[in-house]
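Novice: Under the numbering used here, residues 2 to 372 are what the sequence shown spells out, in order.
All C-beta atoms, glycine included, are put in the ideal place defined by N, C-alpha and C.
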Amino acid sequence: MKKVISIALALLMVAVMLPVMAMAEDDTALPTADANGVIKLTNNVTLPKMTEIKGNITLDLNGFTISGKGTVLDLYGTIEIKDSTEGGNGKIVSTDRTNTPPDSPNSNGIWINDNTSVTINSGTIKGNTWGVVVSGVNASFTMNGGTVINGITGNGSENAGVPKYAPTTITINGGVVNGGELGIYHPQVGKLTINNGEITGKSGIEMRAGELVVNGGVITATGTPLTVNPNGGGSTTVGAAVAIAQHTTKRPITVNISGGTFTGGAALLEANPQTNPEDATKNVGIVVNGGTFNGAVNKAEDGSSLGVMGGSFNSDVTDYVHASPTVKDNNGKYYVGSTAKNAVENAESGSFEVLAASEGEALNVKPGVTI
2 MKKVISIALA LLMVAVMLPV MAMAEDDTAL PTADANGVIK LTNNVTLPKM TEIKGNITLD
62 LNGFTISGKG TVLDLYGTIE IKDSTEGGNG KIVSTDRTNT PPDSPNSNGI WINDNTSVTI
122 NSGTIKGNTW GVVVSGVNAS FTMNGGTVIN GITGNGSENA GVPKYAPTTI TINGGVVNGG
182 ELGIYHPQVG KLTINNGEIT GKSGIEMRAG ELVVNGGVIT ATGTPLTVNP NGGGSTTVGA
242 AVAIAQHTTK RPITVNISGG TFTGGAALLE ANPQTNPEDA TKNVGIVVNG GTFNGAVNKA
302 EDGSSLGVMG GSFNSDVTDY VHASPTVKDN NGKYYVGSTA KNAVENAESG SFEVLAASEG
362 EALNVKPGVT I
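If you want it as structure tokens, here you go:
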């Protein structure tokens, strides 16, 4: 019995002598940039207030998280955001909405200022209000990969008719934009280019000013029903993959679509919620040269123009077609221009109705296909 007690006592003494392992607390400031301008996280960071990053900087999240209340990072210069770890689980996260300027203008992941260029290659940016705010003269944001949660926005505010936070450049080459309410909101003068990637929200993209170019990607609206309401200080449309709704600023809007997949109650919708006069809406021009449209394609009875030159559609777009040929298949899908020619000539079976074609235009079909 004494031997058992002695062994137990010895084990207890060893246990007392063992070091106590404590969970590391978050840092409260970002690491200092190294000689190459790299800020590499070695721990999670909880910032007490909005924190500036200035200069030619690479921010390597390295699998860790930067979090803070309100807007987390205020960016100036040329900034690259990445996560060098496998899987790219590093994050920039706004944990709480504070809306107390100047330290926390709204509650966003990152804020991009005048003459600042930001690129994200991997990692996640999550805001409470917006994930990314592109709000500065000559501000730009390029997304090659990673994820933005709660969307991307600009700022269309003007001072005596002069834009305060523009022009801007936003380019999406890849990655995922999960907008929740709205994937990308573009009320400002500037250019938005979508080359690839996934964009989702109750509406995918809403253009209220500026230029939109879509070459590819998947843009999806999750909101129902499709609604449009006037709004002098925010978005107007729910349920459109791409919504064009000229702002009260009456700035021109140009849209050129040559590829991509668009899905929603409306795949493409032009509206005039502010009832702007014709001399303003005549500066809204939309050209569709290609893409796949799953949902209605419509425009308001205003001065805007919509020309469909190519693409495939599951709704009747013949009122807007300005190309030949236009065909409809036996499933009720419409094809326009070179898309129509390719659909007909590559089909192995089924039937097509030619709705419009230039005189003398030939369509070569395979056996088993009916025209």
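Are there 16 or more other CB atoms within 10 angstroms of the CB of A297, so buried, or fewer, so exposed?
Specialist: Position 296 of the sequence shown holds residue 297. Burial call: buried.
Novice: Once DSSP output is grouped into helix, strand and coil, what is the label at V73?
Specialist: Working through the sequence shown from its first residue, we reach residue 73 at position 72. In this structure, V73 counts as coil in the three-state DSSP scheme.
Novice: Using the three-state DSSP reduction, which class does T172 fall into: helix, strand or coil?
Specialist: Residue mapping note: residue 172 aligns to position 171 of the sequence shown, counting from 1. Residue state, collapsed to three classes: strand.
Novice: For the region 291-310 against the region 348-363, are there 3 or more C-beta pairs whose distance is under 8 Å?
Specialist: no
Novice: Are there 16 or more other CB atoms within 10 angstroms of the CB of D378, so buried, or fewer, so exposed?
Specialist: Because residue 378 is not part of the residues shown, which for the chain are 2 to 372, the question remains open.
Novice: Are I254 and L270 touching if we call contact CB-CB under 9 Å?
Specialist: Locating residue 254 in the sequence shown gives position 253, counting from the first residue. Locating residue 270 in the sequence shown gives position 269, counting from the first residue. No, Cβ-Cβ distance for I254 and L270 is not below 9 Å.
Novice: V190 by DSSP, collapsed to three states: which one?
Specialist: Counting from one through the sequence shown, the residue named residue 190 turns up at place 189. If DSSP states are grouped into helix, strand and coil, V190 belongs with coil.
Novice: Pull up the distance between the alpha-carbon of G110 and that of T43, whole angstroms please.
Specialist: Sequence index remark: in the sequence shown, residue 110 carries index 109 (1-based). Sequence index remark: in the sequence shown, residue 43 carries index 42 (1-based). Rounded to the nearest angstrom, the two C-alpha atoms are 20 Å apart.
Novice: Under three-state DSSP, which class holds P20?
Specialist: What you label residue 20 is simply residue 19 of the sequence shown in a count that begins at 1. Reliability fails at P20, whose pLDDT of 49 lies under 50, so the model's placement of it is uncertain and no value is given.
Novice: Tell me the DSSP secondary structure of E159 in three-state form.
Specialist: Residue mapping note: residue 159 aligns to position 158 of the sequence shown, counting from 1. Three-state result, E159: strand.
Novice: Give the single residue among A222, A210, N216 whose Cα lies nearest to the Cα of I200.
Specialist: As a working note, residue 200 is residue 199 in the sequence shown. Residue A222 is the option with its Cα nearest to I200.
Novice: Are there 16 or more other CB atoms within 10 angstroms of the CB of S313, so buried, or fewer, so exposed?
Specialist: Translated into the one-based positions of the sequence shown, residue 313 becomes position 312. Buried is the call here.
Novice: So, with DSSP's three-state summary, where would you put L43?
Specialist: The residue given as residue 43 occupies position 42 in the sequence shown. Strictly speaking, residue 43 in this sequence is Thr, with Leu absent from that position. If DSSP states are grouped into helix, strand and coil, T43 belongs with coil.
Novice: Report all residues from its chain with a CB closer than 6 Å to the CB of G69; omit the five preceding and five following residues, and keep chain order.
Specialist: For the purposes of this step, residue 69 is identified with residue 68 of the sequence shown, where counting begins at 1. So the list reads L48, once near-sequence residues are dropped.
Novice: Anyone know if the C-beta pair for V219 and G261 falls short of 9 Å?
Specialist: One-based indexing of the sequence shown puts residue 219 at position 218. One-based indexing of the sequence shown puts residue 261 at position 260. When the beta-carbon positions are compared, V219 and G261 come within less than 9 Å of each other.
Novice: By the 10 Å Cβ neighbour count, where 16 or more other Cβ atoms means buried, how is S136 classified, buried or exposed?
Specialist: For this step, residue 136 is matched to residue 135 along the sequence shown. Buried, since its Cβ has 16 or more Cβ neighbours within 10 Å.
Novice: Assuming G191 and T172 make a contact with CB atoms under 8 Å, what is their CB distance in whole Å?
Specialist: For the purposes of this step, residue 191 is taken as residue 190 along the sequence shown, with counting starting at 1. For the purposes of this step, residue 172 is taken as residue 171 along the sequence shown, with counting starting at 1. Actually they do not touch by this definition, with Cβ atoms about 11 Å apart.
Novice: If you follow the alpha helix (DSSP H) that K342 is part of, which residue opens it and which one closes it?
Specialist: By 1-based counting over the sequence shown, the position of residue 342 is 341. Per DSSP, K342 belongs to the alpha helix (DSSP H) from 339-347.
Novice: How many angstroms separate the CA atom of A9 from the CA atom of D27?
Specialist: Mapped onto the sequence shown, residue 9 falls at position 8. Mapped onto the sequence shown, residue 27 falls at position 26. Bear in mind that the predicted position of A9 carries a pLDDT of just 43, short of 50, making it unreliable; the figure below should be weighed with that in mind. About 38 Å.
Novice: Looking only at DSSP bridge pairs, what is I54 linked to?
Specialist: Against the sequence shown, residue 54 aligns to sequence position 53. The partner list for I54 (beta bridge, DSSP) reads L76.
Novice: Mark G369 as exposed unless 16 or more other C-beta atoms lie within 10 angstroms of its C-beta, in which case mark it buried.
Specialist: Looking up residue 369 in the sequence shown gives position 368. Exposed is the call here.
Novice: Return the Cβ separation of L227 and A267 in integer angstroms, given the expectation that the two are a contact with Cβ distance under 8 Å.
Specialist: Here the question's residue 227 lines up with position 226 in the sequence shown. Here the question's residue 267 lines up with position 266 in the sequence shown. Their Cβ separation, rounded to whole angstroms, is 6 Å, which keeps L227 and A267 in contact under 8 Å.
Novice: Hey, would you say G176 sits closer than 9 Å to N216, going by beta carbons?
Specialist: Within the sequence shown, the letter at position 175 stands for residue 176. Within the sequence shown, the letter at position 215 stands for residue 216. Not closer than 9 Å, so no.
Novice: Where do the ends of the beta strand (DSSP E) carrying T282 lie?
Specialist: Taking the first residue of the sequence shown as 1, we reach residue 282 at position 281. Per DSSP, T282 belongs to no beta strand (DSSP E); it is in the alpha helix (DSSP H), 279-282.
Novice: Classify G88: buried if its beta carbon has 16 or more other beta carbons within 10 angstroms, exposed otherwise.
Specialist: Against the sequence shown, residue 88 aligns to sequence position 87. When all chains shown are included, G88 counts as exposed.
Novice: Identify the continuous beta strand (DSSP E) that holds V215 and give its terminal residues.
Specialist: The residue you call residue 215 lines up with position 214 of the sequence shown. 211-215 is the span of the beta strand (DSSP E), which, as asked, contains V215.
Novice: Rounded to whole angstroms, what is the Cα-Cα separation between G125 and R209?
Specialist: Looking up residue 125 in the sequence shown gives position 124. Looking up residue 209 in the sequence shown gives position 208. Sequence inspection shows Thr at residue 125; the Gly mentioned does not correspond to that position. Each residue's Cα considered, the two are about 27 Å apart.
Novice: Count the other CB atoms within 10 Å of the CB of A281; is the residue buried (16 or more) or exposed (fewer)?
Specialist: As a first step, residue 281 must be located in the sequence shown, where it is residue number 280. Its Cβ being crowded by 16 or more others within 10 Å, A281 is buried.
Novice: What residues in its chain sit with their C-beta under 6 Å from that of V149, if we drop five residues either side in the sequence?
Specialist: Mapped onto the sequence shown, residue 149 falls at position 148. Cβ neighbours of V149 beyond the five flanking positions: I126, G132, V133, V178.
Novice: Return yes when the Cβ of V73 is within less than 9 Å of the Cβ of I67, no when it is not.
Specialist: Looking up residue 67 in the sequence shown gives position 66. Looking up residue 73 in the sequence shown gives position 72. Result yes, Cβ atoms of I67 and V73 sit closer than 9 Å.
Novice: Suppose you measure from the CA of V288 to the CA of A324; what does that come to, to the nearest Å?
Specialist: Stepping through the sequence shown from its first residue, residue 288 is reached at position 287. Stepping through the sequence shown from its first residue, residue 324 is reached at position 323. Their backbone Cα atoms lie some 11 Å apart in a straight line.
Novice: Can you tell me which residues form a DSSP beta bridge with M144?
Specialist: Working through the sequence shown from its first residue, we reach residue 144 at position 143. According to DSSP, M144 bridges with I121, I173.
Novice: Under a three-way DSSP split, which group does T221 fall into?
Specialist: Translated into positions along the sequence shown, residue 221 becomes position 220. Strand at T221.
Novice: Distance, Cα to Cα, P278 vs T237?
Specialist: Taking the sequence shown and counting its residues from 1, the one referred to as residue 278 is at position 277. Taking the sequence shown and counting its residues from 1, the one referred to as residue 237 is at position 236. Roughly 18 Å between the two C-alpha positions.
Novice: Could you tell me which residues DSSP puts in a beta bridge with P164?
Specialist: Taking the sequence shown and counting its residues from 1, one reaches residue 164 at position 163. BP columns for P164 point to E159.
Novice: Under the DSSP definition of a beta bridge, which residues are partnered with M208?
Specialist: The residue labelled residue 208 in the question sits at position 207 within the sequence shown. H187, I245.
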